[in-house]
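One structure is given below, encoded as structure tokens.
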Amino acid sequence: MSPIKTKHANIATAFLCALALWNCSSDTHETSATISKSGTASVALRLQYNTPPLLDSLVLDCYGADTLHYVHSADSALFNMDLFPSDNWTFKAKIYANGALMQMGELSTKLEAGAIADIPIQMHPIVGFVVVEVPIGLRNESGIESGTMTLVSEDERYEIPMEESTGKLLFKSGMLKLGVEYEVQISLFDADGNAIYDLSDRFLLTEDSPVPDLSLNSLRSKIAVSVKPADERNVSITLALRAAFRKPKVDDLLITEYYAAPNAKDSTQYEFVEIYNGSIDTLILDDCTLGLGSATSIKRYALTASEILPGKVLVLGDAASENTPALHINTDGWSAMSNSKGAVVLQCDGETLDSLYYASAPDSLHSNVVPAVGSGKYNQSGQLNVDHWNMRSDSSAWCLTTPTPGELNFCN
């Protein structure tokens, strides 16, 4: 690995190369199908693939006794269908990511009337792309103002511009050929043009190799750098840096979601509060509490999680509910949250780091409230549009939508 130079600590970079397959056939397909019996067959088609970053959609085309076209969102790889029987059904699946076709898969089979089939389609990559995320925290404590990334192969050179998003910087390439070795060069600069961070290395993008993974993870008082482009190669360097393991301050930890209205008839639902580490340091939670209650009465519960990594979220779930996954029980107790109104307070060392008051309508004490579903309503949580984190006291920065514990939301 080539040398790494750094002046400012606490940069975490996730480098992802999404693979996506050879043998791309035409979108058109012709087949002569023989309908054998009346009735239908129940078919469940499952796409089997490694999830690429920036996944857009899953597309399935079916050719046989009929021609069908399905489009699913990125979170659903299962297609359930009732199909007419035929000796020749062909299913062609496509995965789109980063705005382009990434993976394809195809199979043919015979379906008989009354049959129940569970059919997996193995997907294969045809092209790849590179995504580099640089978490900088909500306040950009590293002082990064600009950056460049270049990808160079034997025949081509790509200049990748830097994009800005809440709490992170992003480099995103276009589609890249598989079976090609690329040299990557990443440089980050401060406002005066001084280099904060410099890295160069090589990786081979192939269908069969593991997904190349470059990461700089904030670890207490060190940063660990690891490049793993293949099983047989794992080079690691550790750089001593200033302390990155500390107690949280105001605006370090944000309340980003609360769910006070689970449906009691649904065993998968539970009350929770989600918090987000918007800094670039690992934060100690030993003396932190979650307060739940009303505008005038709050009960506080100690957090049982010892730390939260930079740029990560932590779910504080109902410790008294059997529905709460063990991973989300991170307090030593819980008070039932009201559907229509209530208060949530996050404190560390006795200092309030963040708080909110949710209600279905403003009242005499609170002219600006975080929206709530109201009495007798269920299945929606209040979520912060993280892009508007610095105006989170305003109700316009929040939305009511399907709960997403453990995932940041932008109210799109």
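Residues are numbered in our numbering as their position in the sequence shown, beginning at 1, plus a constant of 80. The beta-carbon is built from N, C-alpha and C at its ideal position, and this holds for glycine as well.
CA-to-CA distance, residue j to residue i, given in whole angstroms
{"i": "Arg472", "j": "Pro442", "result": "16 Å"}
{"i": "Gly397", "j": "Asp235", "result": "53 Å"}
{"i": "Gly185", "j": "His204", "result": "6 Å"}
{"i": "Gly144", "j": "Arg126", "result": "18 Å"}
{"i": "Gly371", "j": "Tyr437", "result": "12 Å"}
{"i": "Arg313", "j": "Leu284", "result": "Because the pLDDT at Arg313 is just 32, under 50, the model does not fix this residue reliably, and the value given afterwards should be weighed accordingly. Distance between the alpha carbons of Arg313 and Leu284 is about 11 Å."}
{"i": "Val450", "j": "Asp278", "result": "42 Å"}
{"i": "Val264", "j": "Leu181", "result": "23 Å"}
{"i": "Gly462", "j": "Lys257", "result": "43 Å"}
{"i": "Tyr458", "j": "Asp136", "result": "29 Å"}
{"i": "Asn492", "j": "Ser233", "result": "37 Å"}
{"i": "Lys379", "j": "His152", "result": "43 Å"}
{"i": "Tyr350", "j": "Gly373", "result": "17 Å"}
{"i": "Thr369", "j": "Phe251", "result": "37 Å"}
{"i": "Lys248", "j": "Ile240", "result": "16 Å"}
{"i": "Gln460", "j": "Thr481", "result": "5 Å"}
{"i": "Ser415", "j": "Ala382", "result": "13 Å"}
{"i": "Met242", "j": "Asn220", "result": "15 Å"}
{"i": "Ser440", "j": "Gln427", "result": "25 Å"}
{"i": "Asn403", "j": "Gly486", "result": "16 Å"}
{"i": "Val207", "j": "Glu431", "result": "51 Å"}
{"i": "Ile409", "j": "Gln183", "result": "37 Å"}
{"i": "Val214", "j": "Ser280", "result": "15 Å"}
{"i": "Asn178", "j": "Ala193", "result": "40 Å"}
{"i": "Cys479", "j": "Asn343", "result": "19 Å"}
As assigned by DSSP and simplified to three states, the class of residue i
{"i": "Leu488", "result": "coil"}
{"i": "Met182", "result": "strand"}
{"i": "Ser461", "result": "strand"}
{"i": "Val425", "result": "strand"}
{"i": "Asn357", "result": "strand"}
{"i": "Ala304", "result": "With a pLDDT of 34 at Ala304, under the threshold of 50, the modelled position of that residue is not reliable, and the figure given next carries that caveat. Looking at Ala304 - three-state DSSP - the assignment turns out to be strand."}
{"i": "Leu363", "result": "strand"}
{"i": "Asn274", "result": "coil"}
{"i": "Leu407", "result": "helix"}
{"i": "Met471", "result": "helix"}
{"i": "Ala382", "result": "strand"}
{"i": "Ala121", "result": "strand"}
{"i": "Ser476", "result": "helix"}
{"i": "Val466", "result": "helix"}
{"i": "Phe325", "result": "strand"}
{"i": "Lys257", "result": "coil"}
{"i": "Trp414", "result": "coil"}
{"i": "Thr482", "result": "coil"}
{"i": "Lys248", "result": "strand"}
{"i": "Met242", "result": "strand"}
{"i": "Met391", "result": "A quick correction: the sequence has Gly, not Met, at residue 391. In the structure shown, Gly391 sits in coil (DSSP, three-state: anything other than H, G, I, E or B)."}
Given residue i as reference, the closest of the options once Cα atoms are compared
{"i": "Tyr338", "options": "Ser435, Gly273, Phe269 and Lys329", "result": "Ser435"}
{"i": "Asp146", "options": "Asp162, Val450 and Ala341", "result": "Asp162"}
{"i": "Val260", "options": "Phe209, Glu239, Asp272 and Gly273", "result": "Phe209"}
{"i": "Thr484", "options": "Ala341, Glu354, Pro132 and Ser137", "result": "Glu354"}
{"i": "Asp429", "options": "Val330, Ser359 and Ser475", "result": "Val330"}
{"i": "Ala197", "options": "Asn220, Trp169 and Asn178", "result": "Trp169"}
{"i": "Arg282", "options": "Asn357, Met229 and Ala157", "result": "Met229"}
{"i": "Lys190", "options": "Pro133, Cys479, Pro165 and Glu387", "result": "Pro165"}
{"i": "Gly413", "options": "Ser377, Phe352 and Ala439", "result": "Phe352"}
{"i": "Ala385", "options": "Ala324, Thr411, Ile199 and Ala154", "result": "Thr411"}
{"i": "Pro133", "options": "Met255, Thr246, Pro342 and Gly358", "result": "Met255"}
{"i": "Asp367", "options": "Ile360, Ser377, Gly358 and Ile388", "result": "Ile388"}
{"i": "Pro200", "options": "Pro390, Phe490, Asp474 and Asn160", "result": "Asn160"}
{"i": "Ser347", "options": "Cys479, Ser401, Phe490 and Pro390", "result": "Ser401"}
{"i": "Lys174", "options": "Asp272, Glu192, Ala154 and Asn448", "result": "Ala154"}
{"i": "Ser447", "options": "Asn343, Ser475, Leu407 and Val395", "result": "Ser475"}
{"i": "Asp332", "options": "Ser359, Ala344, Gly454 and Ala399", "result": "Ser359"}
{"i": "Gly391", "options": "Glu244, Ser377 and Leu488", "result": "Leu488"}
Own chain, CB closer than 8 Å to residue i, minus 5 neighbours either side, in chain order
{"i": "Leu445", "result": "Ala375"}
{"i": "Gly456", "result": "Asn419"}
{"i": "Ser188", "result": "Asn168, Trp169, Thr170 and Phe171"}
Cβ-Cβ separation, residue j to residue i (assumed contact under 8 Å), whole Å
{"i": "Ala121", "j": "Ala195", "result": "4 Å"}
{"i": "Leu363", "j": "Lys327", "result": "7 Å"}
{"i": "Tyr262", "j": "Leu231", "result": "5 Å"}
{"i": "Ile276", "j": "Ile224", "result": "6 Å"}
{"i": "Ala423", "j": "Ala340", "result": "Actually they do not touch by this definition, with Cβ atoms about 11 Å apart."}
{"i": "Ala324", "j": "Asp361", "result": "5 Å"}
Residues near residue i in its chain [Cβ-Cβ closer than 7 Å; skip 5 each side]
{"i": "Gln202", "result": "Gln128 and Gly185"}
{"i": "Ala477", "result": "Leu464, Asn465, His468 and Met471"}
{"i": "Ala157", "result": "Arg126, Leu127 and Leu138"}
{"i": "Thr286", "result": "Leu258 and Gly259"}
{"i": "Ser253", "result": "Phe209, Val210, Leu231, Tyr238 and Ile240"}
{"i": "Thr131", "result": "none"}
Any C-beta of chain B under 9 Å from that of residue i
{"i": "Asp443", "result": "Any reference to chain B falls outside this structure, which holds one protein chain only."}
Beta-carbon proximity list for residue i, same chain, < 6 Å, skipping 5 on both sides
{"i": "Tyr356", "result": "Leu334, Thr336 and Val393"}
{"i": "Leu268", "result": "Ile224, Gly227, Ile276 and Tyr277"}
{"i": "His149", "result": "Asp141"}
{"i": "Tyr176", "result": "Asp136 and Ser137"}
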